[in-house]
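S.K.: Its first residue numbered 138, the sequence shown is counted upward by one per residue in the numbering used here.
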Amino acid sequence: MELSITHNENKKGIELLFTEALPEKLTTFLRELGFKESLKHKNTWYADAHPAYKSFATSLSEVFLKGGDWETVSVYPSFQPSLENIDKSKFSFVTISYRGTEKAETKDYVLFDPYKKVATEIATQYAVIKYGDDLQNIEVSPRNYKRKARILYDKGQIINRIEVDEKTEIENEPTKEVENDLPIEDSKTQDKTTLETTNSEEQIKIENELPVEDSKTKIEEPLEEVATENESGYKTDKERKISTREILREVISKLVILEETLQGEDETIIATTILDLEDAAEQSSDLRFKNELLKALQNFKDWIFDLTFSSRTMALMEINRLNQSLELPLFHLKEDIAKTVSASKDIFNRDHIVPNVLVPTKAGEPFQSGGLNLSDANFMRMKFKRLYNITDDTIEQASGLDLFRLSQMAHPKDYGINVNRSTVLREWESRGREAFEEIGYPTDLDYPFVNVHTGYKSVSTLASQIGAYDDRHQWWSAVEHSRPVADLAKGIVIMDSLLMELVEKKLELINPKTNKPRTDKQSKEAFNDIEWEISRLERSKLVIQDYMNKDLEVEESRPEPKPKKEKQQEPNDYLDKVIAIMHTAFAKAERLSKKKIEKLREETNAPTMGALWEAVELSWLLWYKMLYREPIPFEARLKKMVLFWNKVQPTYAYSDSSKELYKQYSTPCPIGAIVAQYTGMDEAEFIFEPSAGNGLLLVGANPRITHVNEIDKSRKQSLEHQGFGRITSDNAAKPFPEMMHKVHDVVVTNPPFASWDDSKFDKERIIQKYFNKHRGLANHIRLEHLMAGLALYTMKDDGKAAIIIMGHVYFGDDGLFAKYRPFFNWLYRHYKVDDVINMNSYKLYNKQGAVTKTMLILIGGRKTKPSGVAPNKSEQPHLEDMVETFEDLWKQTRSHIKPNIDTIIKQLKTARTK
138 MELSITHNEN
148 KKGIELLFTE
158 ALPEKLTTFL
168 RELGFKESLK
178 HKNTWYADAH
188 PAYKSFATSL
198 SEVFLKGGDW
208 ETVSVYPSFQ
218 PSLENIDKSK
228 FSFVTISYRG
238 TEKAETKDYV
248 LFDPYKKVAT
258 EIATQYAVIK
268 YGDDLQNIEV
278 SPRNYKRKAR
288 ILYDKGQIIN
298 RIEVDEKTEI
308 ENEPTKEVEN
318 DLPIEDSKTQ
328 DKTTLETTNS
338 EEQIKIENEL
348 PVEDSKTKIE
358 EPLEEVATEN
368 ESGYKTDKER
378 KISTREILRE
388 VISKLVILEE
398 TLQGEDETII
408 ATTILDLEDA
418 AEQSSDLRFK
428 NELLKALQNF
438 KDWIFDLTFS
448 SRTMALMEIN
458 RLNQSLELPL
468 FHLKEDIAKT
478 VSASKDIFNR
488 DHIVPNVLVP
498 TKAGEPFQSG
508 GLNLSDANFM
518 RMKFKRLYNI
528 TDDTIEQASG
538 LDLFRLSQMA
548 HPKDYGINVN
558 RSTVLREWES
568 RGREAFEEIG
578 YPTDLDYPFV
588 NVHTGYKSVS
598 TLASQIGAYD
608 DRHQWWSAVE
618 HSRPVADLAK
628 GIVIMDSLLM
638 ELVEKKLELI
648 NPKTNKPRTD
658 KQSKEAFNDI
668 EWEISRLERS
678 KLVIQDYMNK
688 DLEVEESRPE
698 PKPKKEKQQE
708 PNDYLDKVIA
718 IMHTAFAKAE
728 RLSKKKIEKL
738 REETNAPTMG
748 ALWEAVELSW
758 LLWYKMLYRE
768 PIPFEARLKK
778 MVLFWNKVQP
788 TYAYSDSSKE
798 LYKQYSTPCP
808 IGAIVAQYTG
818 MDEAEFIFEP
828 SAGNGLLLVG
838 ANPRITHVNE
848 IDKSRKQSLE
858 HQGFGRITSD
868 NAAKPFPEMM
878 HKVHDVVVTN
888 PPFASWDDSK
898 FDKERIIQKY
908 FNKHRGLANH
918 IRLEHLMAGL
928 ALYTMKDDGK
938 AAIIIMGHVY
948 FGDDGLFAKY
958 RPFFNWLYRH
968 YKVDDVINMN
978 SYKLYNKQGA
988 VTKTMLILIG
998 GRKTKPSGVA
1008 PNKSEQPHLE
1018 DMVETFEDLW
1028 KQTRSHIKPN
1038 IDTIIKQLKT
1048 ARTK
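1. Ignore the nearest five residues each way along the sequence and tell me which others in Lys391's own chain have a CB closer than 6 Å to its CB.
2. What's the call for Leu430, buried or exposed, on a 16-neighbour Cβ count within 10 Å?
3. Check this for me: beta carbons of Thr788 and Lys627, under 8 Å apart or not?
4. Starting from Arg841 and walking both ways along the beta strand (DSSP E), at which residues does that stretch end?
5. Indicate whether the contact test is met: 3 or more Cβ pairs, each with one atom in the stretch 224-233 and one in the stretch 411-419, closer than 8 Å.
6. Determine the direct distance from the alpha carbon of Ile296 to that of Tyr263, and round the result to whole angstroms.
7. Could you check how far apart the C-beta atoms of Ile406 and Asp443 are, in whole angstroms? I think they sit under 8 Å.
8. Give me the Cα-Cα distance between Trp1027 and Ala408, rounded to the nearest whole angstrom.
9. Rounded to the nearest angstrom, what separates Glu146 and Ile288 at their Cα positions?
10. Give every residue of the same chain whose Cβ lies closer than 7 Å to the Cβ of Ser462, excluding the five residues on either side of it in the sequence, and list them in chain order.
11. Between Glu670 and Glu396, what straight-line distance do the alpha-carbon atoms span, to the nearest angstrom?
12. Mind pulling the alpha helix (DSSP H) runs of 4 or more residues that sit fully within the stretch 717-783?
13. Secondary structure at Arg280, three-state DSSP: helix, strand or coil?
14. Please say whether Asn493 and Ala615 have beta carbons closer to each other than 8 Å?
15. Taking 7 Å as the line, does the beta carbon of Pro889 fall inside it for any heavy atom of the ligand ZN?
16. Within 10 Å of its beta-carbon, does Thr156 have 16 or more other beta-carbons around it, so buried, or fewer, so exposed?
17. Do Val561 and Ser544 have their C-beta atoms within less than 8 Å of each other?
18. Using three-state DSSP, classify Ile295 as helix, strand or coil.
19. Would you report the Cα separation of Glu645 and Asn222, rounded to the nearest angstrom?
20. Using the rule of at least 16 other Cβ atoms within 10 Å of the residue's Cβ for burial, across every protein chain shown, is Thr804 buried or exposed?
21. Cutting at 8 Å between CB atoms, please list the residues of its own chain near Glu641, excluding the five before and the five after it.
22. Within its chain, find whatever has a CB closer than 7 Å to the CB of His489; leave out the 5 residues flanking it on each side and keep chain order.
23. Apart from the five residues on each side of it in sequence, which residues of its chain come closer than 7 Å, Cβ to Cβ, to Leu833?
24. Can you say whether Val885 is buried or exposed, counting buried as having 16 or more other CB atoms within 10 angstroms of its CB?
25. Where does Gly936 land, buried or exposed, given buried means 16+ other C-beta within 10 angstroms?
26. If you reduce the DSSP assignment to three classes, tell me which class Gln217 lands in.
27. If we count the other Cβ atoms within 10 Å of its Cβ and call it buried at 16 or more, is Gln400 buried or exposed?
28. Look up Phe948 in the DSSP assignment and give the residues it is bridged to.
29. Taking 8 Å as the CB-CB limit, is Ser196 close to chain B?
30. Of the residues Asn665, Gly998, Val596 and Gly569, which one's Cα is nearest the Cα of Ile631?
31. Any chance the stretch 212-221 sits against the stretch 184-201, with 3 or more Cβ pairs inside 8 Å?
32. Tell me where the beta strand (DSSP E) around Tyr235 begins and ends.
33. State the Cα-Cα distance for the pair Val753 and Asn975, rounded to the nearest angstrom.
34. By how many angstroms is the C-alpha of Tyr525 removed from the C-alpha of Gly944?
35. Would you call Lys254 buried or exposed, if buried means 16 or more other Cβ atoms sit within 10 Å of its Cβ?
36. Quick check: the stretch 569-589 against the stretch 759-769, are at least 3 beta-carbon pairs closer than 8 Å?
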């Protein structure tokens, strides 16, 4: 095959003429890169006269001349890395998502090519090499985020490719490339650096951000002086040039030998340390390896002074080899005597660090950070024997420090400690102030506390934390979910830094010509999200500033009520507490029983048992939303959701008279995720849910563009918590305002299941206007049919809808729909019904308490001209079938998801070629 290249001056492009038909793989690659196939001229392709395209075409031509493989041809960035090219918008901002230790993590780069398809190809090849199997997603934003791009340029986080020396006649302007053997981040260095080295340097940078001892600490212990070679020719690990992994293997071997000589607590500590180190050694990913190793070292540091002096000396000789390899401060042989009962620390909490908070000095980890797992129980039994001597009868003699430790456990009895949680809570309420003073915590009700789950985004006063102005005095709530700010001025600096980052992001979304937010949907959503985050941070910052400006002579506590604004927020505090407790259980893959959940009412101060269960349902909805947003294929996300449904999600075990009367059962979240895929919520501009409940059908919806309607006040609180753009409380069984007619891209609803009891006159009036005067419908329609029809009235002609109603479709002896035939005749006549899927609610709804039979109706738009009726058995016999699993439901639903126009064109061209 040969390739000739011509330059089209008029169209400012290049044309590629191939002598033969291209293989399918090359055809696909050219399209993905941005080349277009000529419909008039056979085997002819064209593209802009972009440097990257010209360079690629030239290399491709040369490969064909030599009879080589086209797949060896690489794509190169068009421009030289420079700040000037950023100012000229000759770059793309790249975000790569990869699998981290516990969740997906991201890293940003700058790539000097403004064409999205070119930048995507280059970034993809780079990411595949660097992140391998851990790669999850790549996002490319051409000519965007200039401020961030400049920072990345200064840091050297630049994606480059191999230099192209050859120039051709069609290249009017030579493309400048950086000379690197591999795509590395630092374009400024001329050394040939491998990806492994780059990774290592990057990880050490991450590790140095983790909480460790002050690197300026002077080390005086003789055992720590291991950096020199002795007279016998001994070499240090650094001189031996061995990796951290090799050092780790040697350290584990030495500790195993040491363990065999020990007994009692020393043996337990060393054995546990060996297990932690072995967990790190088993990690294949460098990121996971380094993070697990850091955790192992941190755990050992917490127990180091519980070893006898001789055991400590022998263990430190090995452990400090790892610290030295990671360039971390060495552990001391002698214990520094704590001068205060509380100290400033940066604590770990799940997947993030909360800096600059006060912790009880002697509490130790994992109590200081609050990250206890049930797997810690055996070690705690050895280390904290005194906790196991505490009972409900003797808890009055427990110290404030022990109360603090007990409060870090969801349920002490789960750890083998014979104390009920309710007993711990009552003890805190009885002597909370004294316990706070004992552990060195401030008792001033205006003092700012940081939420350990959300960090400095949520800072509130101690009074707000414990409900002081409602006379609750729940001191336990503050120690469970928060920590005091250690250095107030430093806290302000931290928050200013976070605000600056958000302001910079916000400025990137401003149109420089109008000084107003950009008008595209994605920019609008991002702008609104950032404004909300800024507002939240500013409110938190104000809490610290108010305390710093407070008159020093004011007493420690004030009996007067706070301003009304703060009191108005307190009734919903229980929502945050329930969510925090439930998410802690979810993170441990722990399913809470009905009994354990209902005990949370007292702990969280939920106003009613019904409100508690609504909050619990909200907690697992938020968890499903987190799974839905993971940057992995939908099938993989659905698999995670089904696993969570089967193994972790509790069963909704509360009902009242109204729920029984109207059969108000929430939709299982995996069904909500499937519905999001069918309706295309990701691409929608306006979504409507007229009977939203807690929003479980909206797992995949962007709250900012979603209108939710709900009359239940407790459920409305859940919707407000999720930040939906528009929340109303209209009666969804009544027609919506005419202004809502045909305005929504997506309509989803799971209305209450009940009979429609309006008068015959009212029924006929509504059928006439909203159900196209369909004959006989008024006498054969239920409440859920009415609400579904009124919801569809608001859908655009080309919109999509998903409706869940009670019952199953089955055919009578005449081969027609046996039940509710008038409703389905109307539906099929006026709407494009893709499918009606019978669901086995025993299996799919078993955790929502629903009726035995439910069906999912999929609607792909409104017919331009009414025609037809519901199909008979011979036309669509599958309508009687029933799906038993979420996987089968997705398989059947997926068959109705139509490909986009590009895919259709590709299929037509393929068919024409054949």
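The C-beta atom is built at its ideal place from N, Cα and C for all residues, glycine as well.
M.R.: Looking at the coordinates:
1. Here residue 391 is taken as the residue at index 254 of the sequence shown, counted from 1. Result list for Lys391: Glu455, in chain order.
2. Walking along the sequence shown from the start, residue 430 turns up at place 293. The residue in question, Leu430, is buried, as its Cβ has 16 or more Cβ neighbours within 10 Å.
3. Position 651 of the sequence shown, counting from 1, holds the residue named residue 788. Position 490 of the sequence shown, counting from 1, holds the residue named residue 627. Between Thr788 and Lys627, the gap from beta carbon to beta carbon reaches 8 Å or more.
4. Start at 1 with the first residue of the sequence shown, and residue 841 comes out as number 704. First-last for Arg841: undefined, no H or E at that position.
5. By the C-beta criterion, the stretch 224-233 is judged not to be in contact with the stretch 411-419, since fewer than 3 inter-stretch pairs fall below 8 Å.
6. Here residue 263 is taken as the residue at index 126 of the sequence shown, counted from 1. Here residue 296 is taken as the residue at index 159 of the sequence shown, counted from 1. Cα to Cα, Tyr263 sits roughly 7 Å from Ile296.
7. Along the sequence shown, read from residue 1 onward, the residue named residue 406 stands at position 269. Along the sequence shown, read from residue 1 onward, the residue named residue 443 stands at position 306. Between Asp443 and Ile406 the Cβ distance is about 6 Å, and since that is below 8 Å, they are a contact.
8. Against the sequence shown, residue 1027 aligns to sequence position 890. Against the sequence shown, residue 408 aligns to sequence position 271. So the two alpha carbons sit approximately 47 Å from each other.
9. For this step, residue 146 is matched to residue 9 along the sequence shown. For this step, residue 288 is matched to residue 151 along the sequence shown. Going by C-alpha positions, Glu146 is about 38 Å away from Ile288.
10. Residue 462 sits at position 325 when you count from the first residue of the sequence shown. Cβ within range, chain order: Asp374, Thr381 and Ile384.
11. In the sequence shown, the residue the question calls residue 670 occupies position 533. In the sequence shown, the residue the question calls residue 396 occupies position 259. Distance between the alpha carbons of Glu670 and Glu396: 51 Å.
12. 731-735, 737-741 and 746-765
13. Here residue 280 refers to the residue found at position 143 when the sequence shown is read from its first residue. DSSP places Arg280 in coil when its eight states are reduced to three.
14. The residue labelled residue 615 in the question sits at position 478 within the sequence shown. The residue labelled residue 493 in the question sits at position 356 within the sequence shown. Against a cut-off of 8 Å, the Cβ pair of Asn493 and Ala615 comes out as no contact.
15. Absence of the ligand ZN is noted for the structure shown, with no ligands found whatsoever.
16. Counted from its first residue, the sequence shown places residue 156 at position 19. So Thr156 counts as exposed.
17. Against the sequence shown, residue 561 aligns to sequence position 424. Against the sequence shown, residue 544 aligns to sequence position 407. In this structure, Ser544 lies closer than 8 Å to Val561 by Cβ.
18. Start at 1 with the first residue of the sequence shown, and residue 295 comes out as number 158. Strand at Ile295.
19. Against the sequence shown, residue 645 aligns to sequence position 508. Against the sequence shown, residue 222 aligns to sequence position 85. If I take the Cα positions, the gap works out to 17 Å.
20. Looking up residue 804 in the sequence shown gives position 667. It is buried - the Cβ of Thr804 has at least 16 other Cβ atoms within 10 Å.
21. Your numbering for residue 641 matches position 504 in the sequence shown. So the qualifying residues of the chain are Arg284 and Lys285.
22. Here residue 489 refers to the residue found at position 352 of the sequence shown. Cβ neighbours of His489 beyond the five flanking positions: Gly592.
23. Here the question's residue 833 lines up with position 696 in the sequence shown. Excluding positions up to five away in sequence, the list reads Leu758, Ser803, Thr804, Cys806 and Gly809.
24. Counting from 1 along the sequence shown, the entry for residue 885 is found at position 748. Buried, by the Cβ-count rule.
25. Position 799 of the sequence shown, counted from the start, is the residue given in the question as residue 936. Answer is buried; the Cβ neighbour count reaches 16.
26. Looking up residue 217 in the sequence shown gives position 80. Three-state result, Gln217: coil.
27. Against the sequence shown, residue 400 aligns to sequence position 263. Exposed, because fewer than 16 other Cβ atoms sit within 10 Å of the Cβ of Gln400.
28. As a working note, residue 948 is residue 811 in the sequence shown. Per DSSP, Phe954.
29. Absent from the structure is chain B; it holds one protein chain and no more.
30. As a working note, residue 631 is residue 494 in the sequence shown. Here the closest residue by C-alpha is Val596.
31. yes
32. Within the sequence shown, residue 235 is the residue found at index 98, counting from 1. Where Tyr235 is concerned, the enclosing beta strand (DSSP E) stretches over Ser229 to Arg236.
33. Counted from its first residue, the sequence shown places residue 753 at position 616. Counted from its first residue, the sequence shown places residue 975 at position 838. C-alpha separation (whole angstroms): 28 Å.
34. Within the sequence shown, the letter at position 807 stands for residue 944. Within the sequence shown, the letter at position 388 stands for residue 525. Going from the Cα of Gly944 to the Cα of Tyr525 covers about 55 Å.
35. Working through the sequence shown from its first residue, we reach residue 254 at position 117. Buried, since its Cβ has 16 or more Cβ neighbours within 10 Å.
36. no
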